[in-house]
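Trainee:
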Amino acid sequence: MGLWKLGFPVAALVLALCVEGVQAGPVLDAIKSRGEVRCGVSSGVAGFSALDGAGRWSGLDVDTCRAVAAAVLGDANKVSYTPLSSQQRFAALQANQIDILSRNTTWTLTRDAGLGLSFAAITYFDGQGLLVPKKFGVKSAKELKGAEICVQSGTTNEKNLSTFLGVNGIKAKAIVYDNFEAAYKAFFSGRCQAFSTDVSALIGLKNKQALKPDDYVVLPEVFSKEPLGPAVQRGDEDFLAIVRWTVFAMLEAEELGIGKANLQEALKSTNPAWKRLLGQSEDLGAPLGLKKDWVAQILAQVGNYGEVFDRNLGAGSPLELKRGPNALWTQGGLMYAPPLR
Ligand SMILES: N[C@@H](CCC(=O)N[C@@H](CS)C(=O)NCC(=O)O)C(=O)O
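Below you can see the structure in the form of structure tokens.
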């Protein structure tokens with residue numbers, strides 16, 4: 026069928042798209058015209074998204090947004106942050122107040138299928154645990170009979186805790202708070218005998234007691250799967266793909282041994298795998314509607330996954346978390362990027 030048989034308006038549109046290139050999805054278009062990625066973060070979870078004294082956000086979840094801004098806008102600083110409580114986070118995405126929810130959020134069936142959003146990737150494999158004051162001498166969650174346990178509402182933690190207590194016949198009571206600060210302050214002031222959330226956040230909380238972190242212990246039981254990662258609104262597959270492949274590119278870069286630390290040297294290398302990822306041979310940007318050097322921008326401004334992990338959560342951070350399941354698959358972990366080709 027000839028193009029003109031479609032009628033003038035349709036044919037003109039088809040031609041315009043051929044000339045101009047296909048329109049991006051609505052979220053991506055809005056980011057480009059605004060010149061900024063709107064990132065929903067927590068109100069302050071050490072190592073993931075926390076505000077420092079100079080008013081700067083940092084953490085693994087913050088770096089995910091920064092990497093997306095580097096990929097789309099060529100500038101990792103073009104991000105605005107909205108702190109959101111556990112309760113507020115999904116509504117903020119649904120109401121289009123943010124472009125990415127990057128906030129220690131667990132990928133679950135009901136959230137993914139039921140809330141009109143899509144999880145793009147897993148940036149941290151976590152699990153839920155319990156923090157207790159050492160002076161109680163409790164060595165296992167099974168000894169928490171009669172305890173009151175502080176937990177935040179609107180989290181997977183609230184439900185996992187009641188399942189865990191029920192399955193194990195532990196007669197303890199959850200004390201539920203809407204506000205994170207109120208919840209942990211209640212625990213540190215002795216209102217609750219334990220605090221329950223993702224283990225990474227428990228370690229951050231333990232360190233918050235700057236003077237006496239050793240007064241608290243994380244119990245050995247880890248009783249849930251908490252795969253954390255960024256989520257986006259449904260309806261913009263282009264943007265979903267960009268967030269997903271941004272995370273994968275950071276993993277792939279670590280696997281190939283390229284990062285912020287050796288980028289300049291890598292850019293001069295003849296290694297074909299490095300050249301491809303850095304946009305010096307094939308164009309891995311075009312299918313995503315990005316510039317050819319998008320991965321190089323991420324690495325220059327943010328770093329590869331290993332660098333981001335070390336700086337925020339690992340050896341280079343106060344948390345000193347081990348990679349554990351967050352090691353690359355080549356190192357016995359679960360982090361695996363599909364091929365970037
Ligand atoms: N990963 C869990 C828990 C995430 C969560 O919201 N945890 C709380 C307790 S650490 C939190 O981050 N609160 C910070 C806030 O409300 O700003 C989930 O997705 O439900």
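Straight run, no breaks: the sequence shown in the numbering used here ends on number 366.
Note that CB positions come from ideal geometry on N, CA and C, so glycine has one too.
Since we're looking at a predicted model, the values are computed, not measured.
#1: What is the DSSP secondary structure of Arg63, counted as helix, strand or coil?
#2: Out of Leu338, Leu324, Asp335 and Ala362, point me to the one whose CA is closest to Ala95's CA.
#3: Given this structure, state the Cα-to-Cα distance separating Ser127 from Asp86, to the nearest angstrom.
#4: Would you say Ala219 touches ligand 1, meaning its beta carbon is less than 7 Å from a heavy atom?
#5: Let's test the definition: count the other Cβ atoms within 10 Å of the Cβ of Lys231 and tell me whether it reaches 16, buried, or not, exposed.
#6: Would Val97 be called buried (16 or more neighbouring beta carbons within 10 Å of its own) or exposed?
#7: So, Gly84 versus Gly99, is the Cβ gap smaller than 8 Å?
#8: Classify Pro252 as helix, strand or coil using the three-state DSSP reduction.
#9: Does the segment 283-303 come within contact of the segment 185-201, defined as at least 3 CB pairs closer than 8 Å?
#10: So, is Glu277 buried or exposed, given that buried needs 16 or more other C-beta atoms within 10 angstroms?
#11: Looking only at C-alpha atoms, which of Trp354, Gln356 and Val320 sits nearest to Arg91?
#12: Would you list the one or two residues that DSSP bridges to Phe220?
#13: Quick check on Glu279: buried or exposed, where buried means 16 or more other Cβ atoms within 10 Å of its Cβ?
#14: List, from N- to C-terminal side, the alpha helix (DSSP H) runs of 4 residues or more that fit wholly inside the segment 265-322.
#15: Report yes if the CB atom of Gln258 is closer than 8 Å to the CB atom of Gly141, and no otherwise.
#16: Note down, in chain order, each residue of its chain lying with its Cβ closer than 7 Å to the Cβ of Gln386, except the 5 sequence neighbours on either side.
#17: Measure the beta-carbon distance from Leu156 to Leu227 and round it to whole angstroms, keeping in mind my assumption that it falls under 8 Å.
#18: Would you kindly report the start and end of the unbroken beta strand (DSSP E) that includes Asp86?
#19: Less than 8 Å between the C-beta atoms of Leu281 and Trp299, yes or no?
#20: Would you call the CB atoms of Trp132 and Gly284 closer than 8 Å?
#21: So, at 7 Å on beta carbons, what are the nonlocal neighbours of Gly229 in its own chain, with the 5 sequence-adjacent residues on each side left out?
#22: State yes or no: is the C-beta of Gly166 within less than 8 Å of the C-beta of Leu244?
#23: Would you kindly report the start and end of the unbroken alpha helix (DSSP H) that includes Asp137?
#24: For Pro18, which option in Leu346, Thr148, Lys317 and Ala274 has the closest C-alpha, if you only look at C-alpha atoms?
#25: Leaving out five residues on either side along the sequence, give the residues of the same chain with a beta carbon under 8 Å from the beta carbon of Leu38.
Mentor: According to the structure data:
#1: Looking up residue 63 in the sequence shown gives position 38. Here Arg63 carries a strand assignment [DSSP, helix/strand/coil].
#2: Residue numbering aside, residue 95 sits at position 70 when the sequence shown is read from its first letter. Among Leu338, Leu324, Asp335 and Ala362, the Cα nearest to that of Ala95 belongs to Leu324.
#3: Indexing the sequence shown from 1 puts residue 127 at position 102. Indexing the sequence shown from 1 puts residue 86 at position 61. Between Ser127 and Asp86, the C-alpha separation is close to 5 Å.
#4: Against the sequence shown, residue 219 aligns to sequence position 194. False, no ligand heavy atom lies under 7 Å from that Cβ.
#5: Along the sequence shown, one-based indexing puts residue 231 at 206. So Lys231 ends up on the buried side.
#6: Here residue 97 corresponds to residue number 72 of the sequence shown, with the count starting at 1. Burial check for Val97: the Cβ neighbour count within 10 Å reaches 16 or more, so the residue is buried.
#7: The sequence position of residue 84 within the sequence shown is 59, counting from 1. The sequence position of residue 99 within the sequence shown is 74, counting from 1. Judged by beta-carbon spacing, Gly99 lies beyond the 8 Å limit of Gly84, meaning their Cβ atoms are not closer than that value.
#8: Start at 1 with the first residue of the sequence shown, and residue 252 comes out as number 227. In the structure shown, the three-state DSSP call for Pro252 is strand.
#9: Touching, no, given that fewer than three Cβ pairs across the two stretches are closer than 8 Å.
#10: Within the sequence shown, the letter at position 252 stands for residue 277. Counting Cβ neighbours within 10 Å, Glu277 comes out buried, since at least 16 surround it.
#11: Stepping through the sequence shown from its first residue, residue 91 is reached at position 66. The residue among Trp354, Gln356 and Val320 with its C-alpha nearest the C-alpha of Arg91 is Val320.
#12: The count along the sequence shown starts at 1 and reaches residue 220 at position 195. Phe220 has Leu156 and Cys175 as its beta-bridge partners, per DSSP.
#13: Position 254 of the sequence shown, counted from the first residue, corresponds to residue 279. With 16 or more Cβ atoms within 10 Å of its Cβ, Glu279 is classed as buried.
#14: Every alpha helix (DSSP H) stretch that sits fully inside the segment 265-322 and reaches 4 residues is listed by chain position as 288-292 and 297-302.
#15: Here residue 258 is taken as the residue at index 233 of the sequence shown, counted from 1. Here residue 141 is taken as the residue at index 116 of the sequence shown, counted from 1. Yes, these two residues count as a Cβ contact at 8 Å.
#16: As shown, the chain starts at 26 and ends at 366. That puts residue 386 outside it, with no answer to give.
#17: Counting from one through the sequence shown, the residue named residue 156 turns up at place 131. Counting from one through the sequence shown, the residue named residue 227 turns up at place 202. Contact flag correct, Cβ pair sits at about 4 Å.
#18: Counting from 1 along the sequence shown, the entry for residue 86 is found at position 61. Per DSSP, Asp86 is not a residue of any beta strand (DSSP E); the alpha helix (DSSP H) it occupies stretches across Leu85 to Leu98.
#19: In the sequence shown, residue 281 corresponds to position 256, counting from 1. In the sequence shown, residue 299 corresponds to position 274, counting from 1. Yes, the pair counts as a contact, with Cβ atoms nearer than the cut-off.
#20: The residue you call residue 132 lines up with position 107 of the sequence shown. The residue you call residue 284 lines up with position 259 of the sequence shown. Against a cut-off of 8 Å, the Cβ pair of Gly284 and Trp132 comes out as no contact.
#21: Reading the sequence shown from its first residue, position 204 is the one you call residue 229. Contacts found: Val70, Ala71, Gly72 and Leu344.
#22: Here residue 166 refers to the residue found at position 141 of the sequence shown. Here residue 244 refers to the residue found at position 219 of the sequence shown. Residue identity check: residue 166 is Ala in the sequence provided, not Gly. Contact flag set, yes.
#23: In the sequence shown, the residue the question calls residue 137 occupies position 112. Asp137: member of the alpha helix (DSSP H) spanning Leu134 to Gly139, first to last residue.
#24: Residue 18 falls outside the range modelled here, since the chain spans only 26 to 366, and no answer is possible.
#25: Sequence index remark: in the sequence shown, residue 38 carries index 13 (1-based). With a pLDDT of 47 at Leu38, under the threshold of 50, the modelled position of that residue is not reliable, and the figure given next carries that caveat. Correct list: empty, nothing qualifies.
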